[in-house]
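Beneath this line is the structure, given in structure tokens, with notes to follow.
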């Protein structure tokens, strides 16, 4: 692999130099610093885990974070056991119910979603919280357990430097419109469809 | 929001019951347990953070993990400071160079990528390591710093229960073919393009 090829090395150097110019120009333009709203949606694997990865990053910078898990909650997860280890830096709230098709009780689901939203609003009123992760919020919105207009208004009223990360399939259009960053995670392949169980560390 | 609507509640209950049947059937079919190969690619935000989120999940289950960061490495990141706090559970290796357009030195990049790959192979030979995250490996493959056939052979020779997560844009087709789960992260919107700086806890 370490073959000597001075011409190729030189072409690489030129190409990378041009790339560096382009990248540096883009960086020079992007100078605004403020809290961003990120939405991670789509059917592919990686939405919640990406939110938890940003939570880990923020902790690495000594920031304080808040996590609210909507919908999930009946069974314990790796993310919950892990992030609960840092009670001084992480405020963690899990909505007390399983996936909605487990409960089949709309009134109870709604009451729990609204209680979870009240915790989210509290986190979004605290300027000491640098990042708020609203995991699977999109599912609660999709089932109409929360009012979208109120949810958006509450998010927009947060402290200017605070980041909010929202995950879950089927993010509503109005939420995408007010978001700064939106990723649509497309499922190209999923092990589950090939008969492989959801596994520790990967899916939960 | 908590409006009483018994008919709607009943329709919800029926719909969720049907959904539960479908979900339960899928779960019953997916009973195989083994290490999976996940590839997170595409241009959207969330690939590396998703890998780090799975690392956090695995730690929550008391598992041991290995992380190798290819390409990145010139500047310190939140993920590195954070995961280095757990030296007994996490083996962390950062390839010693910035993004390749910063170095513009193909020979040096190749030597460093190969040294990083040697660390990855060591992790993939250790059955005590439950999950190996190969962050931005796709970039090293894209530039031809590593031989794809060898990389795939090394991954396939890992312990049967070990999970491998690979991130980075432009994953090669041959890698997607051998992967169990593939997510293509599509960029719908990115704050950076709207003039917002890469920020702590979000991008690094």
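Protein chains in written order, with the UniProt record's numbering: chain A, 1 to 204; chain B, 1 to 204.
We treat Cβ as the ideally placed atom computed from N, Cα and C, and that holds for glycine.
- The Cβ atoms of residue 51 of chain B and residue 148 of chain B do not sit closer than 7 Å to each other.
- Within the model, the alpha-carbon separation for residue 138 of chain B versus residue 167 of chain B is close to 6 Å.
- The alpha-carbon of residue 119 of chain B is positioned some 11 Å away from that of residue 112 of chain B.
- Membership of residue 91 of chain B in the beta strand (DSSP E) is indicated by the continuous run 90 to 94.
- One thing to note: residue 33 of chain A has its Cβ within 7 Å of the Cβ of residue 197 of chain B.
- In this structure, DSSP gives residue 35 of chain B a state outside helix and strand, which the three-state scheme calls coil.
- Sequence-distant partners of residue 10 of chain B (beyond 5 residues in either direction) whose C-beta falls short of 7 Å from its own C-beta are missing from its chain.
- A/192 is the residue among A/192, A/6, A/156 whose C-alpha sits nearest the C-alpha of residue 27 of chain B.
- A check of alpha carbon separations from residue 100 of chain B across B/35, B/47, B/145, B/37 identifies B/145 as the nearest.
- Residue-level contact by beta carbon holds for residue 101 of chain A and chain B, with a gap shorter than 7 Å.
- Taken in chain order, the unbroken stretches of beta strand (DSSP E) that lie wholly in the segment 4 to 65 of chain B and span 3 residues or more are 37 to 41.
- Just measuring C-alpha positions, the residue of A/105, A/103, A/70, A/106 sitting nearest residue 93 of chain A is A/70.
- About 5 Å separates the Cβ atoms of residue 54 of chain B and residue 49 of chain A, confirming a contact at the 8 Å cut-off.
- Using beta-carbon distances, residue 170 of chain A does not count as an interface residue toward chain B, since no partner is under 7 Å.
- Here DSSP, grouped into helix, strand and coil, assigns residue 139 of chain A to helix.
- Within the DSSP bridge table, the entry for residue 167 of chain A names A/40 as partners.
- Under the 7 Å criterion on CB atoms, residue 59 of chain B is classed as interfacial with respect to chain A.
- The beta-carbon of residue 182 of chain A is placed less than 7 Å from the nearest beta-carbon of chain B.
- For residue 131 of chain B, a Cβ of chain A is located within less than 7 Å of the residue's own Cβ.
- If you draw a straight line from the Cα of residue 56 of chain A to the Cα of residue 6 of chain A, it comes to about 42 Å.
- When Cβ-Cβ separations below 7 Å define contact, residue 70 of chain B makes no contact with chain A.
- Buried is the label assigned to residue 181 of chain B, since at least 16 other Cβ atoms lie within 10 Å of its Cβ.
- A straight-line Cα-Cα distance of about 43 Å links residue 156 of chain A and residue 178 of chain B.
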